[in-house]
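Heads up, the sequence shown is in the numbering used here, so the first residue is 50 and it goes up one at a time.
Structure first, then comments.
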Amino acid sequence: MRILWLCNIMLPVIAESLGLPCSNKEGWLSGLAAAFSKGDQEDVMLGVCFPVSGQCCEGETDGLVWYGFPEDTAHPERYDALVETYLKKILDKFKPDIVHCFGTEYPHTLAMTRAFHRPERTLIGIQGLCFVYAGYYMADLPDSIQNRKTFRDMVKKDDLCRQQQKYRMRGEYEKEALRNTAHVTGRTGWDRRWTKEINPRAAYHFLNETLRDSFYGPIWKPEHCERYSIFVSQGNYPIKGLHYLMEALPEIRKKYSQVHVYVAGDEITRFSTWKEKIKISNYGKYIRELIKRLRLEDAVTFLGRLDERQMLERYLRSHVFVSPSAIENSPNSVGEAMLLGMPVVSSAVGGVRDMLVCGKEGFLYETNDTAALAGHICHIFDRANEKEVNAMGRAAREHAFRTHDGVTNRERLREIYHEIYLCV
């Protein structure tokens, strides 16, 4: 079988071989690609294509054939028909039996389904779903904030309302792509329900995700962490729910004045120069205002973008991992925290309920219930509950190792390819 992957980014293994900066996203795909391309799966010939800035390019890295095609990923709400042309050329060169698209969030997935035009041999892997996320985008922000525009928002034409509209536009491309395939992979009851609603004829293939290699070894230990510290893997935009955690912090500080939140990702509140002041987004300004109004200046640190090693270190040094999102499918950040066996508190949204058993492996709470969020964090911080919390971490780790087992998931994917190949 000749399998062509369509990925959202240049795989790290390819970027590293070219001496280019690499993203820490989807790093697990490099290991999966290596398993297929180095002969571990002799019945599979793998090729990979992905968007690049600049001209079309192609090459081979460690036996993996790859193709780069131009696409403006900074504006995923725009559909560019030229991408179809680029993809047709790649298809003509590689001549795949099956095309596997990882994710639906970018219009190149729709372009691929149009270019390939073989739904019975097209497989789309569900990550998030923009058409659902759009309805949650504002995440209970006050109306006055939803409609406010900063200088940056006006210049870039990128205020919160437009950001939500862009999600809706991406969602329309996403729906068409799903209607153009006969096969999807998913891993939660949530994504199964939504994909069936869009395309009830598509076969749903259950497939768990494999996470980044470095998270499978280390174990979180309470004696090595910074007590009363909270880690959030990102908070760049409203869906990620950072404002919910800010609102919960004053209640936590009543019991644990030492509490400190570390936030990875873009430093959205940065405001030290006039240039940074005019570049701040509305959401960044709102978080900054919350921090000031709630007197949290000494309780929140924005870490900036972290690579895989830095992320791992921050998980292990933190007392609890929190995912306060307004919507998710099955966030890899929660899975990584569970793999490490650390305490986890997450909003009970989307497919998260399928990842973690509340009260046994961590805690779940309703999205905007900041009192429950604060209560769960305080429960974890309480030394009297340390034995119980550690037992939860062990249970979470065992669950996550079953869910994210790389060999099992790779074999399942190979089975899916055979099912699709043989069903035509």
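Beta carbons are placed, not taken as given, at the ideal position from N, Cα and C, and that holds for glycine.
These numbers were taken from a predicted model, which means no experiment stands behind them.
Under the DSSP definition of a beta bridge, which residues are partnered with residue i?
i	result
E109	V114
G96	L53 and V114
F351	V312
G411	C407
V369	I279
T171	V148
V101	P119
V394	V371 and F412
Can you tell me the Cα-Cα spacing of residue i and residue j, whole angstroms?
i	j	result
Y128	M59	20 angstroms
L339	P125	30 angstroms
W77	L389	16 angstroms
R533	R236	Past the edges of the chain, shown from 50 to 473, lies residue 533, and the structure says nothing about it.
L178	D431	37 angstroms
P191	C407	30 angstroms
M50	C472	13 angstroms
K205	K326	15 angstroms
Y466	L81	14 angstroms
P267	A130	46 angstroms
K328	A64	30 angstroms
F99	L298	41 angstroms
R358	C106	30 angstroms
T350	L294	13 angstroms
L443	Q283	According to the sequence provided, residue 443 is Arg. The question's Leu does not apply to it. Using only the alpha carbons, I get a separation of about 25 angstroms.
G68	A386	30 angstroms
F200	H425	38 angstroms
I139	V62	20 angstroms
L53	T452	25 angstroms
L159	Y222	6 angstroms
P380	E464	24 angstroms
L352	V281	10 angstroms
K109	Y470	Looking at the sequence provided, one finds Glu at residue 109 rather than Lys. Going by the C-alpha atoms only, they are around 25 angstroms apart.
L147	G174	The sequence given here has Ile at residue 147, not Leu. Answer to the nearest angstrom: the Cα atoms are 13 angstroms apart.
L343	D202	25 angstroms
R241	D347	43 angstroms
D481	S72	Absent from the model: residue 481. The displayed extent of the chain is 50 to 473, so no value can be given.
R217	D207	14 angstroms
Using only CA atoms, which one of the options lies nearest to residue i?
i	options	result
G290	K409, V310, G103 and P373	P373
D141	Y116, T122 and G314	Y116
Q176	T244, V204, R250 and I301	T244
M404	R358, I288, N417 and W239	W239
M94	R211, K205, F143 and R197	F143
S330	T158, I194, Y470 and V393	I194
P392	Q214, S72 and K270	K270
M360	D262, G424 and L294	D262
Y135	P119, I301 and M387	P119
A84	E460, C427 and E357	E460
L355	D315, L343, K138 and R197	D315
S79	C105, V114 and D92	V114
R197	K215, L67, Y186 and Y335	Y335
I247	F180, P61 and H453	F180
R276	S379, Y470, C427 and F450	C427
H448	T419, N57 and V383	V383
G455	R217, K436 and Y265	Y265
M187	E272, L343 and A375	A375
L345	T318, T110, P287 and G353	T318
V371	G174, C210, D146 and H292	H292
D418	R241, E133 and E296	E296
K137	L260, S102 and L55	L55
D189	S102, M218, P145 and P287	P287
I301	E437, I429 and S321	I429
Could you tell me whether any Cβ in chain B is nearer than 8 angstroms to the Cβ of residue i?
i	result
H448	Looking for chain B here will not work: only one protein chain is present.
Any heavy atom of the ligand ZN closer than 7 angstroms to the Cβ of residue i?
i	result
R461	With respect to the ligand ZN, the structure shown offers nothing to examine, as it has no ligands at all.
Problem - Validate contact between the segment 170-181 and the segment 228-242 using beta carbons, cut 8 angstroms, 3 pairs - result: yes
Exercise for the section: Just list the beta strand (DSSP E) runs in the segment 245-275, keeping only unbroken ones of 3 residues or longer that don't cross its boundaries, in chain order. Expected result: 252-255
Practice task
Could you tell me whether the segment 149-165 touches the segment 208-226, using the rule of 3 or more Cβ pairs below 8 angstroms?
Solution key: yes
Exercise for the section: Count the CB pairs spanning the segment 255-263 and the segment 145-156 that are closer than 8 angstroms, and state whether there are at least three. Expected result: no
Handout entry: Segments of 4+ residues assigned as alpha helix (DSSP H) that fall wholly inside the segment 206-251
Key = 209-228 and 238-247
Handout entry: Touching by the beta-carbon criterion (3+ pairs, under 8 angstroms), the segment 295-311 and the segment 390-401
Key = no
Exercise for the section: For the segment 401-466, list the alpha helix (DSSP H) runs that are entirely contained and at least 4 residues long, ordered along the chain. Expected result: Annotation: the segment 401-466 contains the following complete segments of the alpha helix (DSSP H) (minimum length 4 residues), in chain order: 419-430 and 435-452.
Exercise for the section: Pair every Cβ in the segment 351-369 with every Cβ in the segment 310-322, then say whether three or more of these pairs are closer than 8 angstroms. Expected result: yes
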